[in-house]
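Position 264, counted from 1, in the sequence shown is what the UniProt record's numbering calls 264; the numbers after and before it change by one each time, with no gaps. Note that beta-carbon positions come from the ideal geometry of N, C-alpha and C, so glycine has one too.
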Amino acid sequence: MYETDNIFKDTVLFKYHLLLLNELVKLAKETNDIDRLINGGAHILLPFESLSNESIRNLTELNQCYLTKLNVKIFEILKSSTYKSCRELTEVLLNPSNYFLEQLKQLFHQCLGRLQLSEVQPSEYRSKLYLIQAIVFKLENDAEKSLRSAHDALLSHPYDDVIDSLILFMNHSHFHSTLRRTLLNDIKQCSLTLTDLTPPTQMMNSLTFLNRTERLIMLKKYERAIFKRLAENDPVQAAYSYMDLIMAVTNSRTLFMNNLIMSCVYFFQAISQPKCTLAEVYAYRSIIFDISVEIFLFTRHYLPLYVQMYAYKLLYTLIMRSTDLFAKRIISSSSNRTARSQPILSDFHETLLDELLKNILQLSKVSPFTHMPTIGSSHDMIYMECAGNEFLSKYLKAMAPNSSMYQYYFFEGIWKSWIDGENFEDERDYCMYYLLKDRQWTTYDVEDLLCWSIIPRTDDGWYLDTKHRLQLDPSGYSQVIGITLNNDTGDIEFMFAQAKKNEHNLFDAGDVMDIVTNGISYAYFTLDPPNVEYHSHPFNEMKYLPKRLVDIPNYLLTLLHTDYLLKMISTGVEICSQTPFEMRPISENLVQRLPVHIREELQSVAMKKSELLTDSIHRFWIQPESEIEYEQAYYRNFFGRTNENITQFYLSDKIKMCVKKHRMRYDERGNLIDDKDDNENDQSAEAEFARVFTKYYDEIGEYFPELLRLKELLKLSVLSRIIQSRYESQCDLAAQIENDATFETYLAEVKNKIGDYPTGSVEADEKILNAISNNICKNFFCKKSNLKPYLLDWLRHGQHTALVTFVKQSLIQCKAKLKFTIEKFSLHYDDEDHDDEQRLNNDTTQCFWVPAAFSSDLSMKVYGGVMLTPNPKGRTGVKDESEKSKKSKTTENVAKLSKKSNDIKSKRSASNVEKSGDSNKNCQTTDQNGNIKSKSHVIGRGAGPSGDPKIHSIPFNSRKGAMEAAQKDGKGNRPVHHGVNYEKKEPAHWHPADKDGKIIKNGKHYTYGRYSKK
């Protein structure tokens, strides 16, 4: 072979190639298969340096002949594709071998004829022409015009074939990314204008896909009247007319938003007129600002993505353009030429602009309509919203397997009801899976939080429907009575009450030691949205304070499960603790254990609430309603003498817990904050729920003892505070003793008095030694035998340091015995280790997400938490009340309690290992070499629980259908559910089960949802 560069220098070789080319031309008359070969040969020969003009012309003609044939061929391919389906046409248009711009333009004009593009019928054919036009603009590198044509194709015929074609178009050759870059360039280069603010003068003609309702007819006539009579001559009156129109379309959020935007647009038109005074400019601009804030907050939470992009770009442009006009008018005004220090834009409005841009950029990641739609009438917006929602619902679903972001917005659309015909539960499962996967977590990490061993549940993860006890150690306690601090002996004794047969054990030794060793004197806990950008996040995130609660799992999980219980009851939704975290009404099971009179009063907020629920965001939390009363007493011996070294603290059991509520709202940055306008004395369903729950708190706690457990944990926090306070006071005493120079002064005086030692007389020396020793032992509580060596060393050699240290430590050990007991059992918490920031957070290396309590038919959201902040108050009589109580009291020494705590933790650890082993036996199989083959609930691919081949039924369209079939197969017993295996792409399915809830090992699987093969 040879390099082509040599051809241009070798004349003989050139002539040889020319001869071959001529022979190919002769053959081309008989066949068309060698046209490309001729074109390639001519292309190689054309650069030859010594070519004459005639040779160049001949070679060009050879090449042109091929190009003409190719152009005709391409045109025929393109033309024939217009008679195919829209999707097939799009596939042809997107084929790079068909990128012939002139042929595309020729095809477009030939198909269009003398008509305007908007007049072409039928609508499907018009969509095809818009797609051809979109390709033309794309090849001309005009992404914005290309998108406009694609958008027009959607509006012309918003059906599946066109939508599928547009999805292909948007995803081809990174067109979506190109559109987003174009948007970013627009923001950088045109900082004032992101969209046209010219109000429409007419309405769309092709709205034949909407039913002509009375409201549509009224809307069309009303807006036509505005366009004809007011738009040009009186824009202010046009703005007011759109405000009036809001009252006629109260049941449409999109129309509410668009009418307000149209009002702002006409106010902007008013301030754009030269005759508008500076005062009017200021007033109308202020109106635009105020309305824009409300539109933004409303749109972000309640409108579909398609409409959000439309609104945000208009709002940003309105604020920037009106501010620019206002600034220019101020500068040009003769009466305002003096310097002004007041900024044109306030910090709040700058924040609003930042948030608008942030939301525009966020939406551009998932919606390819970055520049569409432009401003439209309210009548047209109804149609555009329907078409846009249809496209985005299919687009998001198609993109969902590639990114959790697409899956989230698809799920949000289902919950907000702008996406129809999808299964809420299934998409919730997928959304949870992908969001967890982004954090490298799994649903089993979530299960670890929900499947708390202290609260018994059914085998399939639901709450029991009967009264139950907490699964604490049998040696547990029902009530905290108090504590005794004995500084004479250094003993610490806890006073508890043991549960009777009809009472609950609410805490055990492990809880006591956990709280006092970690210095837990308060606790804050919330379940918040994990991501401020995802307002319908299927999870809540645990946050807490102090941070060391993470080291006390039973305390932290108590806070979680009490708060979670409150959320489930308030929303009327029970959530299963096992994957896929199914939901069902609390009336089916959860509240069945409660007495009828409580069930009737304690209905969920959703059942009681009659007004619109979508904007109902409330915070419910549990906190102490009353102070914790205590009495400090000193021990009295048999003869009634008081010993102040033995202090007793008695805690009253008359603690009231309550449920508080507060309405919340989103601020301009998307953060949930308390609504300052909330009325504490309101008669809303939320306020009534909080009052009823508070009224029956203790009675509800008899059926859900985790609520009563909060009281005892609160009292244990008081004991922890008492111990911590005593430790700090004894540390201060020890420091005071160490810094006191009295003993050194005493030694100096003695030394001066006795003079030299030894004196020369054994008897005198012994007398001096005994006198000094007796005096020191009496005043400083030293042991004489231990003191003597230090004393002799001082008397003989003048070394007083060791003596001083020994004496002071002896005094500290006598006066601060509790300090050493507290240190021995680590009942204190070092100040240096306290939280460095006082805000709720969590350990980001662990999963602290739990499923949010909301469902497809519930539009409200509930947040909140638990606040255990004791407020101790001294009161006499608490000790007498405790002693008169009929409760069975027990006293536990700290050493005994510490041993019990260690034993309990050892048992739990062994139990967890045993359960883990059982789980591994059930979930894992090995090959011949002993290697684990499978870790899922499916023993092997293609095998059921028995190891037999899976027997798949015909896939069902819904979870409910598959469940009912499996239930029927299991003779009415509730079936067992297994979620999607995303890694193996195996579908979710139900197994028939026996009466004990165990899978019937017949290999049958009733599948549904994604990955089900039909």
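Proximity of residue i and residue j at Cβ, strictly below 8 angstroms
| i | j | result |
| --- | --- | --- |
| Q479 | D653 | yes |
| N258 | M243 | no |
| R469 | N505 | yes |
| G874 | Q632 | yes |
| A734 | K819 | yes |
| Y522 | A497 | no |
| residue 1016 | A134 | Only positions 1 to 1014 of the chain appear in the structure, and residue 1016 is not among them; the question remains open. |
| S156 | Y130 | yes |
| E627 | Y634 | no |
| A283 | T299 | no |
| A853 | T571 | yes |
| A239 | F267 | yes |
Burial state of residue i (16 or more Cβ within 10 Å)
| i | result |
| --- | --- |
| F443 | Residue identity check: residue 443 is Thr in the sequence provided, not Phe. By the neighbour-count rule (16 or more Cβ atoms within 10 Å), T443 is buried. |
| Q730 | buried |
| M247 | exposed |
| F296 | buried |
| I1000 | buried |
| F348 | exposed |
| T277 | exposed |
| D138 | The sequence shown places Lys at residue 138, not Asp. The residue is buried, with at least 16 neighbouring Cβ atoms inside 10 Å. |
| T195 | buried |
| T198 | exposed |
Cα-Cα separation between residue i and residue j, rounded to whole angstroms
| i | j | result |
| --- | --- | --- |
| F639 | N487 | 20 angstroms |
| E279 | L318 | One detail in the question is off: residue 279 reads as Ala in this sequence, not Glu. Approximately 18 angstroms between the Cα atoms of the pair. |
| C777 | K817 | 17 angstroms |
| E883 | H828 | 29 angstroms |
| V762 | T801 | 26 angstroms |
| M657 | R599 | 19 angstroms |
| L70 | S81 | 17 angstroms |
| G701 | A690 | 15 angstroms |
| L747 | T845 | 59 angstroms |
| H535 | Y302 | 10 angstroms |
| N922 | P705 | Low local confidence applies: a pLDDT of 37 at N922 is under 50, so the model's placement there is unreliable, and no value is given. |
| L792 | R709 | 59 angstroms |
| H618 | K467 | 29 angstroms |
| K1004 | K995 | 17 angstroms |
| M513 | Q724 | 13 angstroms |
| Q103 | T201 | 35 angstroms |
| H952 | F620 | With a pLDDT of only 49 at H952, under the threshold of 50, the placement of this residue in the model should not be trusted; the figure read from the coordinates follows. Near 45 angstroms, if we compare the C-alpha coordinates of F620 and H952. |
| S173 | E91 | 13 angstroms |
| A339 | P530 | With a pLDDT of 48 at A339, under the threshold of 50, the modelled position of that residue is not reliable, and the figure given next carries that caveat. Their backbone Cα atoms lie some 47 angstroms apart in a straight line. |
| E601 | Y650 | 36 angstroms |
| A270 | I226 | 15 angstroms |
| F848 | K815 | 46 angstroms |
| E119 | D152 | 13 angstroms |
| T579 | M432 | 10 angstroms |
| L21 | L37 | 9 angstroms |
| L769 | A741 | 22 angstroms |
| K105 | R180 | 26 angstroms |
| D324 | I288 | 13 angstroms |
| Q471 | P456 | 7 angstroms |
Supposed contact pair residue j and residue i - C-beta distance, whole angstroms, cut 8 angstroms
| i | j | result |
| --- | --- | --- |
| L305 | S367 | 5 angstroms |
| Y395 | I167 | 5 angstroms |
| V223 | S378 | Note that residue 223 corresponds to Glu in the displayed sequence, not to Val. About 6 angstroms; that satisfies the 8 angstroms criterion. |
| M381 | T213 | Not confirmed; about 15 angstroms, so no contact. |
| K889 | A509 | Wrong, their Cβ atoms sit about 16 angstroms apart, outside the cutoff. |
| A143 | T178 | 5 angstroms |
| L357 | I187 | 7 angstroms |
Min CB distance residue i to chain D below 8 angstroms
| i | result |
| --- | --- |
| I822 | The displayed structure is made up of one protein chain only, and chain D is not part of it. |
Start-end ranges of the alpha helix (DSSP H) lying completely within the region 468–528, minimum 4 residues: With a minimum length of 4 residues, the continuous alpha helix (DSSP H) runs that stay inside the region 468–528 are 509–517.
In chain order, each alpha helix (DSSP H) run of at least 4 residues that lies wholly inside the region 303–332: Segments of the alpha helix (DSSP H) lying fully in the region 303–332: 305–332.
Completely contained beta strand (DSSP E) runs for the region 156–204, where each covers 3 or more residues: Counting only runs of 3 or more residues that sit fully inside the region 156–204, no beta strand (DSSP E) segment turns up.
Continuous beta strand (DSSP E) assignments of at least 3 residues falling wholly in the region 223–303: As for any beta strand (DSSP E) of minimum length 3 sitting wholly inside the region 223–303, there is none.
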